[in-house]
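Residue numbers (my numbering): 29 to 325. Glycine residues also receive a C-beta, built at the ideal position from the N, C-alpha and C atoms. Everything on this sheet refers to the single structure shown next.
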Ligand code: PXG
């Protein structure tokens, strides 16, 4: 209900227009639908401010450029559209999903497809119950490996790549795990289905380097900055499951999950099986950061 007592409609942005979400539609020839040919971002807003909006827009435009989708609107215009939609929908906190597809056209060849579809949706998303943030997540290593960078470059947040992550999530769900941990084809620890992974060993924070085939997470980069600001040494290095099982602490980071502690991996307790001191400090620092920085709308 809005202030006048009538039911307010949730709007979405589609190709330059803001319309009620029930009225938004896509062509069945859309290349995003036909081939997963497109890119996307998941962004969060906290208390009337969008967190790391410019970083997400840079990544979106970078992903589109890498697969030769020419964005039909400049970055500042999409930025204003996102902020305008949040105002229209009256949301203080939100999950913002931006999707871009190559456009409309049948057949694999992208040569003649030059009409990208740009969609912004705002909604609410809470991924895990609060108890998992206080007790820690149960994680299981899944059989599906991440695609190596010479197959699908993980820095491109493409629609099609996520079938790999969805397959991994199905495997995690089947064993009742809160998240699935994915390895590289060589068996090194890469990332979870929608989050980056961090370990704490002694006083060091360790996370895999992007070149092994992980998404360069914006929450990951934020946590690295926060840790360095707190005087914690951060090391980007390749590691195996042995390092995870024997770590003092472990947590995951992502826009959807934020910073979430890991209590157990493949039946092995991490540390004493409870969220550790450094993890809890970084969770608090991250929460504070989301409350203080961001683009107001
Ligand atoms: N790795 C993968 C494979 C991801 O998909 C991250 C790491 C974390 O990146 P950010 O930039 O968010 O810190 C992601 C992000 C969803 C959803 O709809 C998934 C993500 C982000 C937002 C929403 O489940 N994954």
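Residue i CB to nearest heavy atom of ligand 1 below 7 Å
{"i": "residue 284", "result": "yes"}
{"i": "residue 202", "result": "no"}
{"i": "residue 247", "result": "yes"}
{"i": "residue 334", "result": "There is simply no residue 334 to check, as the chain begins at 29 and stops at 325 in what is shown."}
{"i": "residue 224", "result": "yes"}
{"i": "residue 281", "result": "yes"}
{"i": "residue 242", "result": "yes"}
{"i": "residue 135", "result": "no"}
{"i": "residue 207", "result": "no"}
{"i": "residue 299", "result": "no"}
{"i": "residue 219", "result": "yes"}
{"i": "residue 70", "result": "yes"}
{"i": "residue 193", "result": "yes"}
Three-state secondary structure (DSSP) of residue i
{"i": "residue 306", "result": "helix"}
{"i": "residue 125", "result": "strand"}
{"i": "residue 273", "result": "helix"}
{"i": "residue 207", "result": "strand"}
{"i": "residue 214", "result": "coil"}
{"i": "residue 281", "result": "strand"}
{"i": "residue 316", "result": "helix"}
{"i": "residue 91", "result": "helix"}
{"i": "residue 166", "result": "strand"}
{"i": "residue 226", "result": "strand"}
{"i": "residue 30", "result": "Residue confidence for residue 30 is low, a pLDDT of 43 falling below 50, so the modelled location carries little weight; the figure read from the coordinates is stated next. In the structure shown, residue 30 sits in coil (DSSP, three-state: anything other than H, G, I, E or B)."}
{"i": "residue 146", "result": "strand"}
{"i": "residue 98", "result": "coil"}
{"i": "residue 68", "result": "strand"}
{"i": "residue 159", "result": "helix"}
{"i": "residue 74", "result": "strand"}
{"i": "residue 132", "result": "strand"}
{"i": "residue 58", "result": "strand"}
{"i": "residue 139", "result": "helix"}
{"i": "residue 258", "result": "coil"}
Per DSSP, the bridge partner or partners of residue i
{"i": "residue 237", "result": "Residue 237 is not bridged to any residue."}
{"i": "residue 45", "result": "42"}
{"i": "residue 111", "result": "None; residue 111 has no bridge partner."}
{"i": "residue 297", "result": "292"}
{"i": "residue 266", "result": "Beta-bridge pairing links residue 266 to no other residue."}
{"i": "residue 197", "result": "The partner list for residue 197 (beta bridge, DSSP) is empty, contrary to what the question assumes."}
{"i": "residue 151", "result": "123"}
{"i": "residue 287", "result": "281"}
Test: residue i CB closer than 8 Å to a CB of chain D
{"i": "residue 249", "result": "Annotation note: the requested chain D is absent from the structure, which comprises a single protein chain."}
Residues near residue i in its chain [Cβ-Cβ closer than 7 Å; skip 5 each side]
{"i": "residue 47", "result": "39 and 40"}
{"i": "residue 211", "result": "169, 173, 217 and 218"}
{"i": "residue 281", "result": "223, 224, 226, 245, 247, 248, 251 and 287"}
Contacting residues, own chain, Cβ-Cβ under 8 Å from residue i (five flanking each side not counted)
{"i": "residue 49", "result": "37, 38, 39, 40 and 149"}
{"i": "residue 140", "result": "133"}
Residues of its chain near residue i, where Cβ-Cβ distance is below 6 Å and the 5 sequence neighbours each way are ignored
{"i": "residue 101", "result": "none"}
| Counting pairs of Cβ atoms below 8 Å between the region 132-143 and the region 285-295, do you hit three or more? | Contact fails: fewer than three Cβ-Cβ distances are below 8 Å.
| query | Would you call the region 159-176 and the region 189-200 in contact, with 3 or more CB pairs under 8 Å? | reply | yes
| task | Could you tell me whether the region 108-117 touches the region 54-68, using the rule of 3 or more Cβ pairs below 8 Å? | result | no
| query | For the 8 Å Cβ check, are there 3 or more pairs between the region 233-241 and the region 264-272? | reply | Because the criterion of three Cβ pairs below 8 Å is met, the region 233-241 and the region 264-272 touch.
| task | Could you tell me whether the region 278-290 touches the region 139-159, where touching means 3 or more Cβ pairs closer than 8 Å? | result | yes
| request: Specify whether the region 72-79 and the region 314-322 touch according to this definition: at least 3 beta carbon pairs, one from each stretch, less than 8 Å apart. | output: yes
| task | Take every Cβ of the region 120-127, pair it with every Cβ of the region 247-255, and state whether three or more of those distances are shorter than 8 Å. | result | no
| Using 8 Å as the threshold, is the region 255-262 in touch with the region 211-224, meaning 3 or more CB pairs across them? | no
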